[in-house]
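Input: a single structure, listed below in structure tokens.
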Amino acid sequence: MPFIAMPQYYEEPDVGYRVYRLHFNENLFLPEEYYRELQLPLESWEIRYYTQPNNISLAKKIETYYSLPEGTVTITAGADDGLRASIQLLNFAVEKKLVVLEPTYSMARLLSEQLGVRYEQAQFTQDLRIDVDDIVRRGRGGGVYVCSPNNPTGHQAKELEELAAKLDGVLIYDAAYAEFAGRWRPSLFEYGNVIEARTFSKAWGLAGLRVGYLVAHKRLSDALKALSYPHPISSASAKIVERALELETYVRSSVEAMREVKGIVAGRIRLEKYVGEANFITLKVEDADTIERELMRRGFAVRALGNKPLCRSCIRFTIAPLEIMEKFLAALNEALDRKV
1 MPFIAMPQYY EEPDVGYRVY RLHFNENLFL PEEYYRELQL PLESWEIRYY
51 TQPNNISLAK KIETYYSLPE GTVTITAGAD DGLRASIQLL NFAVEKKLVV
101 LEPTYSMARL LSEQLGVRYE QAQFTQDLRI DVDDIVRRGR GGGVYVCSPN
151 NPTGHQAKEL EELAAKLDGV LIYDAAYAEF AGRWRPSLFE YGNVIEARTF
201 SKAWGLAGLR VGYLVAHKRL SDALKALSYP HPISSASAKI VERALELETY
251 VRSSVEAMRE VKGIVAGRIR LEKYVGEANF ITLKVEDADT IERELMRRGF
301 AVRALGNKPL CRSCIRFTIA PLEIMEKFLA ALNEALDRKV
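Numbering-wise, UniProt numbering puts 55 at position 55 of the sequence shown, and it's gapless, one number per residue.
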């Protein structure tokens, strides 16, 4: 084989659809009525022909919807594809490095390694703050990655604007869970050095469509388009997302319902935990891998978080409607008792 060493890849657990899927942070509160209204017919030409280059109609629709300047939105095949283009852009920076605030989504580190960008680990403080001056120094000339609300801690990084204002480099802001925290309209792009990665997979409940988008100042946005695929998503996906934007009321209602249930669930779990602003809770447990397996045996897929900073043994689970959470809490107690 001509390879010296193969890069790592992101391992997706294949749990099927016969268990309660509490491992991917999908929005489990949207009603069937929402999805029925999204089932739009396709014309033959929408199937026969390629989409517009860069799915420009959808990009303009999002810009209009959120009152964003023209040319600031780049459509991507899910947020992960947006992160790929954002990190790949750092190959053209003065410093080909990405400072990543951990613990966080593993894709940032893996993409750095795959794309030849030097990964440099930083860490939130024990009380989940960012040491802005330290990160500005370390990220100078390169890039910094921050997820907010963060996965897996769920907290919002209060220092993002200060970091954007001070950083002499690119701030890659992963806003996958922003709507759950009430941040519906992208805004940090206005600093000029921020790439905001958004997705329709989480709050909007459209994970199967694989649609994301980046928001950046036009100068950055033009560079991102140069690194993007010419037809990133299908005609069907674009058409459904355009319709979803007209149905935001469903999404907002589902977010409120989720937040209410999360408060109830958090109050009933006595373990040390991260609650935060996203649609999941992360628990600190002993032997997270064993608890994950025990819950799977009981029909609940959760995510054991492999030895992350500030979370050396944790499981993360998605908030579901209360009737499912009642069953989950019973299964969790059984798993914990069996572990003891």
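All C-beta atoms, glycine included, are put in the ideal place defined by N, C-alpha and C.
Scanning its chain for C-beta atoms nearer than 6 Å, with the 5 sequence neighbours on each side dropped, one finds around A59 the residues V73 and I75, in chain order.
Judged by their CB atoms, F300 and L101 are not nearer to each other than the 7 Å cut-off. Two segments are said to touch when three or more pairs of C-beta atoms, one from each, lie closer than 8 Å; by this definition the stretch 97 to 117 touches the stretch 144 to 154. If you look at S313, you'll find it in the beta strand (DSSP E) that goes C311 to T318. With a contact defined as Cβ atoms closer than 8 Å, A93 and G141 qualify at about 6 Å.
By the Cβ-count criterion, G192 is exposed, with fewer than 16 other Cβ atoms from all chains shown falling within 10 Å of its own Cβ.
Rounded to the nearest angstrom, the Cβ distance from A85 to S228 is 5 Å, consistent with a contact under 8 Å. Ranked by Cα distance from I319, the first of Y105, A278 and D337 is A278.
Between the alpha carbons of R298 and E323 lies a gap of roughly 16 Å.
Out of T290, L224 and N307, the CA that lies nearest to the CA of Q88 is found in L224. DSSP places G205 in the coil class of the three-state scheme, outside both helix and strand.
Non-local C-beta neighbours of F180 in its own chain, meaning closer than 8 Å and more than five positions away in sequence, comprise P149, K202, A203, V255, M258, R259, E277, A278 and N279, ordered along the chain. A175 counts as buried, since no fewer than 16 other beta carbons sit within 10 angstroms of its beta carbon. DSSP, reduced to helix, strand and coil, places R185 outside both helices and strands of the structure shown, so it counts as coil.
In this structure I240 is not in contact with A77, their Cβ atoms being roughly 14 Å apart against a cut-off of 8 Å.
Annotation note: the stretch 245 to 310 contains the following uninterrupted alpha helix (DSSP H) runs of length 4 or greater, listed N- to C-terminal: 248 to 268 and 288 to 297. In this structure, the CA atom of V261 is about 7 Å from the CA atom of P321. For E120, the enclosing beta strand (DSSP E) begins and ends at R118 to Q123. Using a Cβ distance threshold of 7 Å, E196 and Y177 do not count as a contacting pair. When the beta-carbon positions are compared, A164 and L188 come within less than 7 Å of each other.
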